[in-house]
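Novice: Residue numbers for the sequence shown follow our numbering, beginning at 4 and rising by one.
Structure incoming, see below.
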Amino acid sequence: MYNSNNNNNLQEKGKFLIETFGCQMNVADSELVAGMLQKCGYSETRDLNQADIIFMNTCAIREKAEETVHHRLDSIQHLKKRKPEMIFGVLGCMAQNLKDDLLESKPYVDIILGPDSYRRIPEIINNRKKQNGHEVDTRLSKYEVYDNLMPSRQDGVNAFVSISRGCDKFCTFCIVPFTRGRERSRSNESIIREVQDAVKNGFAEITLLGQNVNSYRTEEGKFPHLLEGVAMVPGVKRIRYMSPHPQDMDDHLLQVMSEHKNICNHVHLPLQAGSDRILKRMNRTYTKTEFLNLVDTIRDYIPNCSISTDIIVGFPGETNVEYEETLEVMNKVIFDRAFMFKYSPRPGTKAAEYSDQIDEVIKQKRLTRLIDLQQTHTLKANQRHIGKVLKVMVEKESKKSPQQWSGRTEGNMGVIFDKNDEQIKDIVDILIQDAQGVSMFGNRVLEKEMIHEVN
Ligand code: SAH
Ligand code: SF4
Ligand code: F3S
């Protein structure tokens, strides 16, 4: 664990454990909360039985995400019987979404905090310790960006750095604008400082995070300006960003990406649907043609760019013909990877009110077919690399064999190869020899062989 908040002079107040659900934003938030707790004298444990405080950092994006947390909370409730002074807290999007209602079904929960209330965690814990009862804070802020709080990151090669919070896009299916509040950007300077700090602590890859990462803007500049600044921080070997919105992709951003070698040739470009009528009903603000043109522009600027996506099937009113249009766009683009979901109505959002909800059986059929198609596309995209040399960052030992490494391409795809003298976090040239499932297999091309090849 890398953490600059450790203060050995503090008397240990107890142990905490955080379980994180949902997106990378939540992973980054959990690291922020861990950093704050360590700073005021708590230490982290991974053993539920040892914990004095257990936080669940939760997600509300689909019904299933909330169900998972409900089950998890019920399954650890017994711990409190053995240790009544133990504190249970629910953080994040589901806490924000359900607020006090959560207490009706889960009266054993002590603390409920929304994503903009984490600065108050030490105070809230103290309040709870002083008197029994529930502590709830789900106020959303227009300003909170958690500047100057140092996260306590998990070991690894990648550091998540959140650059903005909230979302103002209001896609009609999405709960995020309600759980995360209004969009706001962190200062350029504090982001760069956090990146420098992450490099100092040994992280080689930086992933910039925001619900709408590319609508980042401050007085100093917009997202491409920030991205360029991060690319120039010495020691940053790779940069990724998640998730951009197609509406906010522009030439300047693609220009910056093409000019800096350490910015990965990868764009996650959520399509959501292929029909113009459905896109409009989703309030996605682009048409099918605009999306396809954008894909072409990306490939013009960055010829080997990987493109991944998110897709929802069974949005209210989606006809078979409209669903087929989604498949058609997939066939045209051949996404390297896709995250695919059945539409899940979220109470409070506009689409949940639509009267033409799609039958569950149809949704499932559409999803299964979509997943099957994407599997063939991922394999096809990976097979295209066979015979080519890709830059792979060494991440960890392969699960299959201690003689092999597992690494990632710039396009964020896994590659397995035999060990040589390279170390974790090195970027090496791998000649791709095979592709299976979502993985590729290859061999290291040593420098001498490269020179030989060129000659
Ligand atoms: N801000 C990101 C996405 C955040 S949510 C963006 O705009 O791309 C991640 C994905 O979950 C979305 O892209 C969408 O595909 C899916 N999603 C969001 N709400 C959903 C819902 N109600 N039902 C099913 N999938 C949903
Ligand atoms: Fe949700 Fe749309 Fe905002 Fe993404 S852009 S978080 S899908 S409202
Ligand atoms: Fe889930 Fe909240 Fe992220 S709803 S996907 S944890 S922003």
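Idealized CB from N, CA, C, for every residue including glycine.
Taking Cβ positions, are residue 206 and residue 30 nearer each other than 8 Å?
Specialist: By 1-based counting over the sequence shown, the position of residue 206 is 203. By 1-based counting over the sequence shown, the position of residue 30 is 27. Cβ atoms of residue 206 and residue 30: not closer than 8 Å.
Novice: Report the rounded CA-to-CA distance for residue 280 versus residue 361, giving the unit in angstroms.
Specialist: As a working note, residue 280 is residue 277 in the sequence shown. As a working note, residue 361 is residue 358 in the sequence shown. About 16 Å.
Novice: Would you call residue 153 buried or exposed, if buried means 16 or more other Cβ atoms sit within 10 Å of its Cβ?
Specialist: As a working note, residue 153 is residue 150 in the sequence shown. It counts as buried.
Novice: Hey, quick one: how far does the alpha helix (DSSP H) through residue 329 stretch, first residue to last?
Specialist: In the sequence shown, the residue the question calls residue 329 occupies position 326. Run containing residue 329: 323-336, per the alpha helix (DSSP H) assignment.
Novice: With a cut-off of 8 Å on the beta carbons, I'd call residue 151 and residue 95 a contact; round off their distance for me.
Specialist: The count along the sequence shown starts at 1 and reaches residue 151 at position 148. The count along the sequence shown starts at 1 and reaches residue 95 at position 92. Not confirmed; about 21 Å, so no contact.
Novice: Just the C-alpha distance for residue 54 and residue 78, rounded to the nearest angstrom, thanks.
Specialist: Stepping through the sequence shown from its first residue, residue 54 is reached at position 51. Stepping through the sequence shown from its first residue, residue 78 is reached at position 75. Their Cα atoms are separated by approximately 15 Å.
Novice: Considering only C-alpha positions, which residue in the set 203, 168, 210, 257 is nearest to residue 220?
Specialist: Residue 220 sits at position 217 when you count from the first residue of the sequence shown. Answer by Cα proximity: 168.
Novice: In terms of residues, what are the limits of the alpha helix (DSSP H) holding residue 365?
Specialist: Here residue 365 corresponds to residue number 362 of the sequence shown, with the count starting at 1. Run containing residue 365: 363-386, per the alpha helix (DSSP H) assignment.
Novice: Taking the alpha carbon of residue 256 as the point to measure from, which residue in 275, 232, 236 has its own alpha carbon closest?
Specialist: Sequence index remark: in the sequence shown, residue 256 carries index 253 (1-based). Cα-wise, what sits closest to residue 256 is 232.
Novice: So residue 260 packs on residue 297, CB below 8 Å; how close in whole Å?
Specialist: For this step, residue 260 is matched to residue 257 along the sequence shown. For this step, residue 297 is matched to residue 294 along the sequence shown. About 14 Å separates the two Cβ atoms, so there is no contact after all.
Novice: I think residue 166 touches residue 216, with their Cβ atoms under 8 Å apart; what is that distance to the nearest whole Å?
Specialist: Taking the first residue of the sequence shown as position 1, residue 166 is located at position 163. Taking the first residue of the sequence shown as position 1, residue 216 is located at position 213. Confirmed, about 7 Å.
Novice: DSSP state of residue 206, grouped into three classes?
Specialist: Position 203 of the sequence shown holds residue 206. Coil, per DSSP.
Novice: Taking the alpha carbon of residue 459 as the point to measure from, which residue in 374, 354, 327 has its own alpha carbon closest?
Specialist: This structure cannot speak to residue 459, because the chain is shown only from 4 to 458.
Novice: So does the stretch 35-52 actually touch the stretch 257-276, counting three or more Cβ pairs closer than 8 Å?
Specialist: No, the stretch 35-52 is not in contact with the stretch 257-276.
Novice: Just to confirm before moving on: does the CB-CB distance between residue 229 and residue 191 stay below 8 Å?
Specialist: The residue you call residue 229 lines up with position 226 of the sequence shown. The residue you call residue 191 lines up with position 188 of the sequence shown. Yes, the Cβ-Cβ distance between residue 229 and residue 191 is below 8 Å.
Novice: Mind pulling the alpha helix (DSSP H) runs of 4 or more residues that sit fully within the stretch 405-458?
Specialist: Within the stretch 405-458, the complete alpha helix (DSSP H) runs of at least 4 residues are 450-457.
Novice: Please classify residue 458 as buried or exposed, where buried requires at least 16 other C-beta atoms within 10 Å of its C-beta.
Specialist: The count along the sequence shown starts at 1 and reaches residue 458 at position 455. The predicted model places residue 458 with a pLDDT of 37, which falls under 50 and marks its position as unreliable; any figure quoted below should be read in that light. Looking at its Cβ environment, which holds fewer than 16 other Cβ atoms inside 10 Å, residue 458 is exposed.
Novice: Would residue 282 pass as a contact of residue 290 if the rule is Cβ separation under 8 Å?
Specialist: By one-based count along the sequence shown, residue 282 stands at place 279. By one-based count along the sequence shown, residue 290 stands at place 287. The answer is yes: Cβ separation under 8 Å.
Novice: Please tell me whether, using a cut-off of 7 Å, the distance from the CB of residue 214 to the nearest non-hydrogen atom of the ligand SF4 is below it.
Specialist: Position 211 of the sequence shown, counted from the start, is the residue given in the question as residue 214. Yes, the Cβ of residue 214 comes within 7 Å of a heavy atom of the ligand SF4.
Novice: Quick check on residue 455: buried or exposed, where buried means 16 or more other Cβ atoms within 10 Å of its Cβ?
Specialist: Position 452 of the sequence shown, counted from the start, is the residue given in the question as residue 455. Residue confidence for residue 455 is low, a pLDDT of 49 falling below 50, so the modelled location carries little weight and cannot support an answer.
Novice: Look up residue 15 in the DSSP assignment and say whether it is helix, strand or coil.
Specialist: What you label residue 15 is simply residue 12 of the sequence shown in a count that begins at 1. The answer is coil: DSSP assigns residue 15 none of H, G, I, E or B.
Novice: Rounding to the nearest angstrom, what Cα-Cα distance links residue 244 and residue 210 in this structure?
Specialist: For the purposes of this step, residue 244 is taken as residue 241 along the sequence shown, with counting starting at 1. For the purposes of this step, residue 210 is taken as residue 207 along the sequence shown, with counting starting at 1. Rounded to whole angstroms, residue 244 to residue 210 spans 5 Å at the Cα level.
Novice: Check whether the stretch 58-77 touches the stretch 193-202, taking contact to mean three or more Cβ pairs, one atom from each stretch, closer than 8 Å.
Specialist: Too few Cβ pairs lie closer than 8 Å, so no.
Novice: When DSSP builds the beta bridges, which residues end up paired with residue 24?
Specialist: Taking the sequence shown and counting its residues from 1, one reaches residue 24 at position 21. None, per the DSSP bridge assignment.
Novice: What is the DSSP secondary structure of residue 5, reduced to helix, strand or coil?
Specialist: Stepping through the sequence shown from its first residue, residue 5 is reached at position 2. Low confidence applies to residue 5: its pLDDT is 49, below 50, so where it sits in the model is not reliable enough to give any reading.
Novice: Just to check, is the beta-carbon of residue 179 closer than 7 Å to a non-hydrogen atom of the ligand SF4?
Specialist: Within the sequence shown, numbered from 1, the residue matching residue 179 stands at position 176. Yes, the ligand SF4 has a heavy atom inside 7 Å of this Cβ.
Novice: Return yes when the C-beta of residue 95 is under 7 Å from any heavy atom of the ligand F3S, and no when it is not.
Specialist: As a first step, residue 95 is located in the sequence shown; it is residue number 92 there, counting from the start. It does: the Cβ of residue 95 is within 7 Å (strictly closer) of some heavy atom of the ligand F3S.
Novice: Is residue 346 near the ligand SAH, in the sense that its beta carbon is under 7 Å from a heavy atom of that ligand?
Specialist: Stepping through the sequence shown from its first residue, residue 346 is reached at position 343. Indeed, a heavy atom of the ligand SAH lies less than 7 Å from the Cβ.
Novice: Curious, which full-length beta strand (DSSP E) runs of at least 3 residues does the stretch 94-121 contain?
Specialist: For the stretch 94-121, whole beta strand (DSSP E) runs of length 3 or above, ordered along the chain, are 114-116.
Novice: Going by DSSP, what residue range makes up the alpha helix (DSSP H) through residue 266?
Specialist: Walking along the sequence shown from the start, residue 266 turns up at place 263. Here residue 266 belongs to no alpha helix (DSSP H), and DSSP marks it neither H nor E.
Novice: Is residue 170 close to the ligand SAH? I mean its beta-carbon at under 7 Å from any heavy atom of the ligand.
Specialist: Taking the first residue of the sequence shown as 1, we reach residue 170 at position 167. Correct: residue 170 has its Cβ closer than 7 Å to the ligand SAH.
Novice: Taking the straight line between their C-alpha atoms, what separation do you get for residue 137 and residue 110?
Specialist: The count along the sequence shown starts at 1 and reaches residue 137 at position 134. The count along the sequence shown starts at 1 and reaches residue 110 at position 107. The alpha-carbon atoms of residue 137 and residue 110 are separated by roughly 9 Å.
Novice: I need the boundaries of the beta strand (DSSP E) containing residue 395, first residue and last residue.
Specialist: As a working note, residue 395 is residue 392 in the sequence shown. Its beta strand (DSSP E) spans residues 392-400.
Novice: Are the CB atoms of residue 156 and residue 120 nearer to each other than 8 Å?
Specialist: As a position in the sequence shown, residue 156 is number 153, starting the count at 1. As a position in the sequence shown, residue 120 is number 117, starting the count at 1. No, Cβ-Cβ distance for residue 156 and residue 120 is not below 8 Å.
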